[in-house]
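Single-structure report; data block below.
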Amino acid sequence: MYPPLPNPGTGPSAPKFGEKDLVRRSASTVTPPAQRQTQVAKLIDVSKCIGCKACQSACQEWNDLREEVGTNDGTYNNAHDLTPASLTVMRFTEWDNPETGNLEWLIRKDGCMHCEDPGCLKSCPAPGAIVQYSNGIVDFDHTKCIGCGYCVKGCPFNIPRISKVDNKAYKCTLCSDRVAVGQGPACQKACPTQAIVFGPKDDMKKWADGRIADLKSRGYKTAGLYDPQGVGGTHVMYVLQHADKPEIYAGLPNNPRISPVVELWKGLTKYTGLAVMGAVAAFGFVHHMIAGPNKVSAEDEANASKLAGGKS
Amino acid sequence: MSGNIDSGGRIHPGDPVVVDRYTPGARANHWVTAICLILLALSGLALFTPSLFFLTGLFGGGQTTRAIHPWIGVVLFLSFSGLFFRFWKLNLWKREDGEWIAHAGDLVAGHEERMPEVGKYNAGQKMVFWGMSLLIIVLIASGLTIWDEYFFAYTTIPTKRIAVLVHAISAVLIISVWIVHVYAAIWVRGTMGAMTKGQVTGGWAWRHHRKWLKDLVTADRQR
Amino acid sequence: MTEAKANHGAKLVVVDPRFTRSAALADYYCPIRPGTDIAFLGGVINYLLSNNKIHKDYVANYTNAAFIVREGFKFDPESGLFSGYNADKHSYDRSEWEYEIGPDGIAVLDREMTNPRSVMQLLKQHYSRYTPDLVSSVTGSPKDKFLKVCEYIASTANGERTATFMYALGWTQHTHGSQNIRTAAMIQLLLGNIGVPGGGINALRGHSNVQGYTDIGVMTHLIPGYLGMPNDKEVDFKTYLGNRNFKPLQPGQTSYWQNYNKFAVSFFKAMYGDKATPENGFGYDWFPKTERSYDHLAQFEDMHQGRINGYICQGYNPLWSTPNKNKVAEGLAKLKWLVSIDPLETETAKFWENHGEFNIAEPSKIKTEVFMLPVGCFAEEDGSLTNSNRAILWHEKGADMPGEAKGDAQVLAELFVRIRDLYKKDGGKAPDPILNTDWSYHDPKNPEAVELLKELNGRAISDLADATGKVTRPAGQQLSSFAELRDDGSTMAACWIYTGAYTSTGNITARRDNSDPSGKGVHPNWGFAWPANRRILYNRASADPQGKPWSQKKSYVYWDGAKWTGADVPDYGPTVAPDKNVGPFIMNPEGVSRLFARKFMAEGPFPEHYEPMESPLDNAFHAKTKNNPAVRMYKDDVAQLGTTKEFPFVGTTYRLTEHFHFWTKNVLINASLQPEQFVEISQELAKEKGITSGGWVRVWSKRGSIKAKAVVTKRIKPLMCGNTPVHVVGIPIHWGFVGVARKGFATNTLTPFVGDANSQAPEFKAFLVNIEPATGPVA
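Here's what the structure looks like:
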């Protein structure tokens, strides 16, 4: 068992990180903090997950959200997808392992991966609506969110959801409010099998090594850690029984990265676009300075008068 | 009626001669479109680059900017459609337009006398017209694709990513075209009257759109 | 379980008709046809015996394998019946299912276990019929998978490794449920896995306090502490005690029930206080006596026959949980009054409301008067919960009760006090039992939870002295151990096994010290585990006959030369030396455990495979006896059994992790996690019936019909039983017409009104249904 975090005291406690610990801030720049917080990570061990949805329940409770009472769609997936009220969902996949001939029921807890290089933050046009703390947590500031949905397009994992009620983007915060006072996320706290553990990212990687060794000893030759480097690594990681095929886990992207289209949009297009518009305006300005106005001469008027006068 | 004029053009003798260029309807239509375009450019630029995000203040903040931008786009699309159907015929490409383009350098250099005679619109204006038309179609299409409030479910996220890129590039282009359009109206003195009073002087017409003037005169005589 | 896997390299094997969420984490999964567990487990016994994969020293010394069985005991493989069967009464005369007793009153043994009448030889003979081929064709478990499971289990037939069996209602809710569990217990005994760390048979309880419920004897055949309910023939206290005072069957055995008198007298002292005297048999005459079983099925049969006037449901929703919902509803409509004491509005309390297809009722024709008495939930009261490992944990009230709700104890106490007042005022028939009941609580209308726990624990009524006359426990003081109980009326304890839970030092169940000095996961100062804070029962069996641990790794309780010591409280005389040959199973008169159950099981001393009452297949072991011959069925219910022709598929009901019974459909978050009723079927059955996943289906049995969404899944596959494919329809139970989840049907609409031959647990896990695509229900 990974040593659980002790319960907090009952008195108020000052947050352990905040504005001063920002390493990234959407649509704006920040002065990097002098001292970085310890990088944290949530490790989701798919091989220990029983799909009980206690994490979904705890998430709703802690964040004071209520998912609507939906329908059964022929699966165990409820809510059927991430929503502004379901910041995490279990995704159930029935997979026939071609090597063993056995059925495997792959149950993956989906939610924000807290990328080291967050595509949402890169896409966000509202200054400070998305921030990244030096401990790796990527958080949304709803007071600043404008609801444009750019984060949805920027995310390589299809995570943020825009609320129909307040038109703001919602996703897992890694319980930044809990982590700030030394607690683990609500989902981790609720998990009955320690399929979710939380702590310093280095510790999590070491913990994962032990789990992977256990899985390998049980015949899962390709067991491994999912910490995709295409997005600089993530602060939510998975232990997968079949790490060579993440896509069998309800479409977990194999080698995710911020879409080149998004990179182009937020990179070259922005700068070139401004340059082009500026250049065109400058050209007009300069031209006017040099060439002066194109005025109608008296001769032109006379010619017109002559042409028109012919009729009377 | 000759191929260079539309109805509503009249010549009013005097000193100088005054020529009707745009009807009140056309002018109103133009200005609605123009205001929309400016609002769209301002709100769009606010969302395009963080350095211009402050422009959202003009619209009452980020949320309203985000909410209002697509609706203005719809108004612009409808309004511009009006302009399109008013103007498209006289903006069809003609033989002299190629020649005009070939002499565009002369125009910029201040030798307009070397330019061929043109009708109501010169090749530059036509390019602005067609450029605007094309870009507005692209913008409305890509805009609807990323108007998540109502149309999120209809396309995939990869499609939306392409749409948002296309929307941004098209917006840059249309703003550039718009700058050209505005500059031309400023640089060529006497032009503004066409869209304010609806009239230009005969000399203006003689200088810039001689074929149009001649055709108007001919039409006037036939009347 | 996941911790055992992760930290101790445990292997998890799941045998289930469905590929469950547990199976998703298992090292090995084997499917099984619902209701064929004895065939499977009997096959395991055969595998262990025929491959010599048993823990021989353990079996020889700690089980009754060496005991000789009377000649009169027989099993006829042809008919599938044991000796003594009475076909008219559907029951056995069990008198011959016993040991051969010598002239000295001591059971005869053959230590070599070679005597053909020895339990070992009879066991071998009995299970030799359970060959892998036959097991596979009956259970539908592929033979290779069955044998692989056998291998896993057999790998623990030594002192080094241990297996534990975990089960829930999947084993109990059958007409042979008790025998399912017994078969597993027999396997554990053959492997030497009882009384050792990590061993045992573990019931995964469906409620947090089901263990407490049985401990306190809230069952119609028990009184607290597993003492027996008196019956009509036990005309006086002496007769009652005489029937329960087990003399040892081997010399020097503990046979702890010899102390029954002390437990029973202390109970009656708790019941009647000062009124209970040696002269009046401690008030035995005031205590109810039963002439037959009053289990829940018997009650609802009586109700359906119009023999019950009023009924009190406390935390009980029978309309949704007792078999054959339509029969239950008809019964409820014949009551004069119905009381529902519950934190929630239950379907039962609203049985008279019409909810369209979900609950068709005509309120104008129902005369039953219904009273709903709202009570708090467990977290709104002080109290204790007893875990299935017998650990009692105290908890304090976490929130106030809403509205007019009262505590359960308060509601009962107020009822009692009012009824007693009426008897005092008006007299009436047989007022003594009520008037003589001791009710000396601080507030008679609202006993505190602590008072109740103290009463269960017991105290000295007068000074207790030892043999030398020294007072060991002054009058009025709480007792520390049931060893202090007396049969002369000087002690009282309402539940002898709970003695030690609230001592003179305070509330032991409230202890929260999670230290683990032995490092074996014992945590001796966490709450209190009955009996005597023992964490593993029969832990003497963790050491060999000489008192040495079977293995150092599994060392637990052992003899240090002078006394028994180790990680736990020894379940044994603390200074009884190993050479005294006292068996570790101290509750049994024979001192050893029972592979042969003697006369204690209704349908035989060795579990035998019988098909569920509704089964698509004949009994491949003996065609003449298909079902459990000792099952009790009422006439009308026999007529309501379906045939394979009409109902070709096997239905099985179960719960989901997202919900708790019918409670959490009242909770928005749980409702959002599993919002709508569904049934699960294989892709093959879906194809055969034209059913699409996520579409509506109708499922019906001989007794009624429900509608639900279909979940078409790879996790349920047709089971090949010989050449016959058997399709399973999985039916989760959690929806109803009350609550915030989508409305749903009572799944007990489908289930037959029949229970286990011993416990009367209903057969919810295997019955016959049919299924077809349908349109959604109309509310």
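Those protein sequences? They're chains A, B and C, same order as listed.
Heads up, the first sequence is in our numbering, so the first residue is 320 and it goes up one at a time.
Heads up, the second sequence is in our numbering, so the first residue is 221 and it goes up one at a time.
Heads up, the third sequence is in our numbering, so the first residue is 34 and it goes up one at a time.
Glycine residues also receive a C-beta, built at the ideal position from the N, C-alpha and C atoms.
Computed from a predicted model, the values in this text were never measured in an experiment.
Those runs of the alpha helix (DSSP H) which lie wholly inside the stretch 400-436 of chain B and span at least 4 residues: 412-416 and 422-428
Boundaries (first-last residue) of the beta strand (DSSP E) holding valine 761 of chain C: Within the third sequence, numbered from 1, the residue matching residue 761 of chain C stands at position 728. Element bounds for valine 761 of chain C: 761-765.
Every unbroken alpha helix (DSSP H) inside the stretch 484-534 of chain A [4 residues or more]: 495-498 and 505-509
Ordered list of beta strand (DSSP E) runs contained in the stretch 408-452 of chain C, each at least 3 residues: 416-419 and 424-428
Neighbourhood of valine 182 of chain C by C-beta distance below 7 Å, restricted to the same chain and skipping five residues each side: On the third sequence, position 149 is the one that residue 182 of chain C refers to. Counting only Cβ-Cβ distances below 7 Å, and skipping sequence neighbours, we find Val46, Val48, Tyr61 and Cys63.
Interface flag, threonine 390 of chain A vs chain C, CB-CB below 8 Å: Position 71 of the first sequence, counted from the first residue, corresponds to residue 390 of chain A. So, interface residue.
Close Cβ partners of asparagine 326 of chain A (< 8 Å) along its chain, the five nearest in sequence each way excluded: Working through the first sequence from its first residue, we reach residue 326 of chain A at position 7. Here the set comprises nothing.
Exposure of aspartate 429 of chain A, with buried meaning 16 or more beta-carbon neighbours within 10 Å: Locating residue 429 of chain A in the first sequence gives position 110, counting from the first residue. So aspartate 429 of chain A counts as buried.
Interfacial residues, the stretch 560-585 of chain A to chain B, with Cβ spacing under 8 Å: Ser578, Val580, Val581, Leu583 and Trp584
Neighbour list for lysine 742 of chain C in chain D, Cβ cutoff strictly below 9 Å: Annotation note: the requested chain D is absent from the structure, which comprises protein chains A, B and C.
Coil, strand or helix - leucine 486 of chain C by DSSP: Counting from one through the third sequence, the residue named residue 486 of chain C turns up at place 453. Note: leucine 486 of chain C maps to helix in three-state DSSP.
Contacting residues, own chain, Cβ-Cβ under 8 Å from phenylalanine 411 of chain C (five flanking each side not counted): For the purposes of this step, residue 411 of chain C is taken as the residue at position 378 of the third sequence. These residues qualify, in order along the chain: Ser241, Asn242, Leu418 and His428.
8 Å Cβ cut-off: residues of chain B touching alanine 398 of chain A: For the purposes of this step, residue 398 of chain A is identified with residue 79 of the first sequence, where counting begins at 1. Within 8 Å Cβ-Cβ: nothing; alanine 398 of chain A doesn't reach chain B, min ~16 Å.
Asparagine 264 of chain C vs threonine 323 of chain C beta-carbon contact at 8 Å: Walking along the third sequence from the start, residue 264 of chain C turns up at place 231. Walking along the third sequence from the start, residue 323 of chain C turns up at place 290. Yes, Cβ-Cβ distance for asparagine 264 of chain C and threonine 323 of chain C is below 8 Å.
Length-filtered (3 minimum) beta strand (DSSP E) runs lying within the stretch 113-199 of chain C: none
Inter-stretch contact at 8 Å, needing at least 3 Cβ pairs: the stretch 672-688 of chain C / the stretch 635-644 of chain C: no
Cβ-Cβ distance between valine 824 of chain C and glycine 76 of chain C below 8 Å: Because chain C here runs from 34 to 812, residue 824 of chain C falls outside it and cannot be looked at.
Interface flag, glycine 727 of chain C vs chain A, CB-CB below 8 Å: Taking the first residue of the third sequence as 1, we reach residue 727 of chain C at position 694. True, the Cβ-Cβ gap to chain A drops below 8 Å.
Closest Cα partner of alanine 226 of chain C within the set C/Tyr589, C/Asp137 and C/Asp546: For the purposes of this step, residue 226 of chain C is taken as the residue at position 193 of the third sequence. It should be noted that the sequence gives asparagine, not alanine, for residue 226 of chain C. Checked all of C/Tyr589, C/Asp137 and C/Asp546; the closest Cα to asparagine 226 of chain C is C/Tyr589.
Proximity test, Cβ basis, 8 Å: glutamine 375 of chain A and chain C: As a first step, residue 375 of chain A is located in the first sequence; it is residue number 56 there, counting from the start. Cβ-Cβ to chain C under 8 Å: yes for glutamine 375 of chain A.
Endpoints, the beta strand (DSSP E) within which aspartate 383 of chain A is located: Numbered from its first residue, the first sequence carries residue 383 of chain A at position 64. Element bounds for aspartate 383 of chain A: n/a, residue is neither H nor E.
Cα-Cα separation between proline 311 of chain C and glycine 522 of chain C, rounded to whole angstroms: For the purposes of this step, residue 311 of chain C is taken as residue 278 along the third sequence, with counting starting at 1. For the purposes of this step, residue 522 of chain C is taken as residue 489 along the third sequence, with counting starting at 1. The alpha-carbon atoms of proline 311 of chain C and glycine 522 of chain C are separated by roughly 7 Å.
Under 9 Å from the C-beta of valine 773 of chain C: neighbouring residues of chain A: The sequence position of residue 773 of chain C within the third sequence is 740, counting from 1. Within 9 Å Cβ-Cβ: Val388.
Same chain, Cβ closer than 6 Å to serine 288 of chain C, five either side skipped, listed in chain order: Taking the third sequence and counting its residues from 1, one reaches residue 288 of chain C at position 255. Excluding residues within five positions, the ones whose Cβ falls inside 6 Å are Phe279, Pro281 and Pro622.
Helix, strand or coil at alanine 236 of chain C according to DSSP, with G and I counted as helix: As a working mapping, residue 236 of chain C is identified with position 203 in the third sequence. Three-state DSSP puts alanine 236 of chain C in a strand.
Nearest-angstrom Cα separation, counted from valine 239 of chain B out to lysine 630 of chain A: Translated into the one-based positions of the first sequence, residue 630 of chain A becomes position 311. Translated into the one-based positions of the second sequence, residue 239 of chain B becomes position 19. Residue confidence for lysine 630 of chain A is low, a pLDDT of 44 falling below 50, so the modelled location carries little weight; the figure read from the coordinates is stated next. Distance between the alpha carbons of lysine 630 of chain A and valine 239 of chain B: 14 Å.
Contact set between the stretch 45-72 of chain C and chain A, restricted to residues whose Cβ is under 8 Å from the partner: Phe52, Arg54, Ser55, Ala56, Ala57, Leu58, Asp60 and Tyr62
Pair within 8 Å by beta-carbon distance, phenylalanine 515 of chain C and proline 564 of chain C: Within the third sequence, the letter at position 482 stands for residue 515 of chain C. Within the third sequence, the letter at position 531 stands for residue 564 of chain C. Yes; because the gap between Cβ atoms is below 8 Å, this pair is in contact.
Cβ-Cβ separation, proline 230 of chain C to isoleucine 619 of chain C (assumed contact under 8 Å), whole Å: Within the third sequence, residue 619 of chain C is the residue found at index 586, counting from 1. Within the third sequence, residue 230 of chain C is the residue found at index 197, counting from 1. With 8 Å as the limit, isoleucine 619 of chain C and proline 230 of chain C do not qualify as a contact, their Cβ atoms being about 19 Å apart.
Whole-number beta carbon distance between lysine 613 of chain C and glycine 239 of chain C, since they are thought to touch under 8 Å: Locating residue 239 of chain C in the third sequence gives position 206, counting from the first residue. Locating residue 613 of chain C in the third sequence gives position 580, counting from the first residue. Contact flag wrong, Cβ pair sits at about 42 Å.
Cβ pair count under 8 Å reaching 3, the stretch 514-529 of chain A against the stretch 545-562 of chain A: yes
For proline 444 of chain A, the three-state DSSP class (helix, strand or coil): As a first step, residue 444 of chain A is located in the first sequence; it is residue number 125 there, counting from the start. Coil.
Residue range of the alpha helix (DSSP H) that includes asparagine 40 of chain C: Position 7 of the third sequence, counting from 1, holds the residue named residue 40 of chain C. Taken as a continuous stretch (DSSP letters only), the alpha helix (DSSP H) holding asparagine 40 of chain C covers 35-41.
Which of helix, strand or coil DSSP assigns to isoleucine 426 of chain A: Here residue 426 of chain A is taken as the residue at index 107 of the first sequence, counted from 1. Residue state, collapsed to three classes: strand.
Closest by C-alpha distance to aspartate 546 of chain A, when choosing among A/Glu435, A/Thr512 and A/Asp496: By one-based count along the first sequence, residue 546 of chain A stands at place 227. Out of A/Glu435, A/Thr512 and A/Asp496, A/Glu435 has the C-alpha closest to the C-alpha of aspartate 546 of chain A.
Alpha-carbon spacing of tyrosine 132 of chain C relative to glycine 316 of chain C, whole angstroms: Start at 1 with the first residue of the third sequence, and residue 132 of chain C comes out as number 99. Start at 1 with the first residue of the third sequence, and residue 316 of chain C comes out as number 283. Rounded to the nearest angstrom, the two C-alpha atoms are 36 Å apart.
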